[in-house]
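Colleague:
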Amino acid sequence: MTPWLLSGLGLVVLLLAGDALVRGAVNLSLRLGVPALIVSLTIVAFGTSAPELLIAIKAVQENAPGIALGNVVGSNTANILLVLGVPAILSRLHTSECDTRKTYVFMLLASVLFIALAFTGSFTWVSGLILLGALGLVLLDAFREAKAHRKAGKEAEADIDIEELEGADPDMPWWRIGVYLVLGLVGLPMGAHLLVENATIIALTYGVSETVIGLTLVAVGTSLPELATTVMAALRRQADVALGNVIGSNMFNLLAIVGIATFVGEIPVDPEFLRFDLWVMLAASVLIIPFVFFKQDIGRVWGAALTTLYVIYVVVLLF
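Using the working numbering, you'd call the opening residue of the sequence shown number 786 and step up by one each time.
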């Protein structure tokens, strides 16, 4: 019974840490004069991807690269279908109000680059340098955009943003913002580790294979920080944080996690990834084009559809 209790504790920690991280990130953006979207693409995205990074490095060190690669590919699929789907069922995601077109295109390009490198047969340190170089370009563009926004000094626009961000406090002390961010960034990986470790024990008890664990249980477990953060952002009507977090996390998963893990050891690519899982990941990313380019909200019907597609994907993997 202990693994079940510890798994539940991990979930609670994730939810609380997700709320803290959203509060800290949004208020940091207000104090710095930076759009919440930019902050969610950096601080929030990197913080919620920390579990994937830790698991990828550990898996490569323990000669289980299938878990590392399955975790990244499975997490990206879960991020689109589950992390956007479930919150949309709870509360309509007003994605029509935020512009994520450029960052979304970056995510698609990162996905294509990742798949192209996968077809070389394995991810080596050379592949890692290419992936990290691409991440550097994305971050450079994000910071340049943030700097331009600050120089523009759009006070009127900022006032509108402040009014729309429920619970935001533009006068929040720096120390309190720091506490929120630290609690979020520390609590998310801790909660995810606690849940994944004990959920894996439960799964192994029922004889589930390592590869399936990587693509499903571990992937979902390490996507829970994104899910917790996105649920809280949706309930607070902060769709820019929700969508930006998913897009940023997916880019970070593809470019940074595998990129860094290749310096620990080579990551061979299972042929099954090339035949099925990588294409499911890409197809899931393409599915959200209407919400990015045609200013549509992700309503409950779409949320249910995305969630159902993920359930079907998991069933196919298991059976």
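Even glycine gets a Cβ: it sits at the ideal position worked out from N, Cα and C.
Keep in mind that this is a model prediction, so the values were computed, not measured.
Per the DSSP calculation, L878 is bridged to which residue(s)?
Modeller: Answer by DSSP bridge pairing, in chain order: I1083.
Colleague: What would DSSP say about F908, mapped onto helix, strand or coil?
Modeller: In the structure shown, F908 sits in a strand (DSSP, three-state: E or B).
Colleague: Could you have a look at P955 and say whether DSSP puts it in helix, strand or coil?
Modeller: DSSP places P955 in coil when its eight states are reduced to three.
Colleague: Under 7 Å from any heavy atom of the ligand GTP, does the C-beta of L790 make it?
Modeller: Questions concerning the ligand GTP fall outside what the structure shown contains, since it holds no ligand whatsoever.
Colleague: Do the CB positions of I1052 and S907 come within less than 8 Å of each other?
Modeller: In this structure, S907 lies closer than 8 Å to I1052 by Cβ.
Colleague: Using beta-carbon positions only, say whether I987 and W789 come within less than 8 Å of one another.
Modeller: Yes, Cβ-Cβ distance for I987 and W789 is below 8 Å.
Colleague: Out of curiosity, what's the CA-to-CA distance linking V845 and T985?
Modeller: Near 17 Å, if we compare the C-alpha coordinates of T985 and V845.
Colleague: By DSSP, does I1073 sit in helix, in strand, or in coil?
Modeller: Three-state result, I1073: coil.
Colleague: Buried or exposed: L800, going by 16 or more other Cβ atoms within 10 Å of its Cβ?
Modeller: Classification of L800: buried, given that the 10 Å Cβ count is 16 or more.
Colleague: Comparing C-alpha positions only, which one of V871, S792, G972, H879 sits nearest to V1096?
Modeller: Cα-wise, what sits closest to V1096 is V871.
Colleague: Give every residue of the same chain whose Cβ lies closer than 7 Å to the Cβ of D954, excluding the five residues on either side of it in the sequence, and list them in chain order.
Modeller: Only N812 meet the Cβ criterion.
Colleague: Have a look at the DSSP bridge pairing and note the partners of P1053.
Modeller: Answer is S907, bridged to P1053.
Colleague: Quick one: give me the first and last residue of the alpha helix (DSSP H) that P1047 is part of.
Modeller: For the record, residue 1047 in the displayed sequence is Thr; it is not Pro. First-last for T1047: undefined, no H or E at that position.
Colleague: Are the beta-carbon atoms belonging to L1040 and L916 less than 8 Å from one another?
Modeller: Contact flag set, yes.
Colleague: Mapping DSSP to helix, strand and coil, what is Y965?
Modeller: Helix.
Colleague: Just to check my reading of the structure: L867 and S1008 have Cβ atoms closer than 8 Å, yes? What is that Cβ distance to the nearest angstrom?
Modeller: So it is a contact: roughly 7 Å between Cβ atoms.
Colleague: Ordered along the chain, which non-local residues of its own chain (more than five positions away) have a Cβ less than 6 Å from that of R1085?
Modeller: I874.
Colleague: Thinking V923 and F891 are a contact (beta carbons under 8 Å), I'd like their distance in whole angstroms, please.
Modeller: That pair is a contact at about 5 Å.
Colleague: What residue range is occupied by the uninterrupted alpha helix (DSSP H) comprising R808?
Modeller: From DSSP, the alpha helix (DSSP H) with R808 extends over 787 to 817.
Colleague: Check whether the Cβ atoms of G972 and V797 sit closer than 8 Å, and answer yes or no.
Modeller: In this structure, V797 does not lie closer than 8 Å to G972 by Cβ.
Colleague: Can you name the start and end residues of the alpha helix (DSSP H) that T1001 belongs to?
Modeller: Element bounds for T1001: n/a, residue is neither H nor E.
Colleague: When the Cα atoms are used, what is the spatial distance from A802 to L1103?
Modeller: Approximately 31 Å, taken between the alpha carbons.
Colleague: So, for T1092: in the same chain, excluding its five sequence neighbours on each side, which residues have a beta-carbon less than 8 Å away from its beta-carbon?
Modeller: Excluding sequence neighbours, T1092 sits near L866, L867, G870, V871, I874.
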